[in-house]
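Undergrad: I have a structure here, written as structure tokens, and I will follow up with some questions on it.
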Amino acid sequence: MIPAKEFYFIRHGQTNYNKSLTKVDHADISLNLTGKKQAIQCAPLIKKLPIQTICCSPLKRAKETKELLLPNSKHLESSYLGECTAQVWKEMTSLQSHAYIQGPPSVKEFLDRIQQGLNFVLKQQGPVLIVSHGGVHWGICYWLQIRNHNWIVDNCMPVHFSMNEDAWIAKLL
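For the working numbering, add 2 to where a residue sits in the sequence shown, where the first one is 1.
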């Protein structure tokens, strides 16, 4: 069961891969100039949040985003927060809320990893900021059964997740 603790999420800044209309698997790539600017522009907002712990994907673009948002801040790296493959993304997003039940093993493995990651993150002193990827955001929305928010989020768009009386809600900041 996922702990009912508020947290923040931000997807890394733009990369050349994100700009491309062709979705293929990619290597551990850096932010492009636009992505760096996005993170720098978002930094004042992030610095005002009551963040106690930062959890970050081990991939370069997420770590670069974290460093531009909160320079020299310590963070926990978690492989649970790494991105999915292009094929998993395609299958998962096409199946929507049926992704886990109807998806192939690769989708289930990815979503299981996200659930484990979310449980790990929410055991940390909070509120926590997760700096990660679009697929991770989608997986979080899946597990929290988010209904009021688009599961696909743009680069460097901070999201606040919190528990209402009986449901999780997500809000773009």
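Even for Gly, the Cβ is constructed at its ideal location relative to N, Cα and C.
Using only CA atoms, which one of W91, V133 and Q104 lies nearest to L70?
TA: V133
Undergrad: Hey, is the segment 152-164 in contact with the segment 115-124, meaning 3+ C-beta pairs nearer than 8 Å?
TA: no
Undergrad: Residues in its own chain within less than 8 Å of V176 by CB, not counting five upstream and five downstream?
TA: With the chain covering 3 to 175 only, the question about residue 176 has no answer from this structure.
Undergrad: Go through its chain and collect everything with a Cβ distance to S80's Cβ below 8 Å, but skip five positions before and after it.
TA: C57, C58, S59, P60, G119, F122 and V123
Undergrad: Going by DSSP, what residues sit across from W170 in a beta bridge?
TA: M165
Undergrad: Taking 8 Å as the cut-off, does the segment 93-108 touch the segment 62-78 (at least 3 CB pairs, one atom from each stretch)?
TA: Result no; under three Cβ-Cβ pairs closer than 8 Å.
Undergrad: Answer yes if the segment 29-42 comes into contact with the segment 10-19, meaning at least three C-beta pairs across the two stretches below 8 Å, and no otherwise.
TA: Judged by pairs of C-beta atoms under 8 Å, the segment 10-19 touches the segment 29-42, as three or more such pairs exist.
Undergrad: Indicate whether C143 and H135 have their beta-carbon atoms separated by less than 8 Å.
TA: no
Undergrad: Tell me which residue opens and which closes the alpha helix (DSSP H) that V1 is part of.
TA: Nothing in the structure corresponds to residue 1, since the chain is present only between 3 and 175.
Undergrad: Just reading off the beta strand (DSSP E) that L131 is part of, what are its end residues?
TA: V130 to S134
Undergrad: What is the DSSP secondary structure of C143, counted as helix, strand or coil?
TA: helix
Undergrad: By Cβ distance, which residues of its chain are closer than 7 Å to G84, with the 5 residues on each side in sequence left out?
TA: S59, P60 and L61
Undergrad: Cβ of L78 within 8 Å of Cβ of T55?
TA: yes
Undergrad: Excluding five sequence neighbours on each side, which residues of the same chain lie with their C-beta closer than 8 Å to the C-beta of G128?
TA: K7, E8, F9, Q54 and T55
Undergrad: According to the neighbour-count rule (16 or more other Cβ atoms, all chains shown, within 10 Å of its Cβ), is L47 buried or exposed?
TA: exposed
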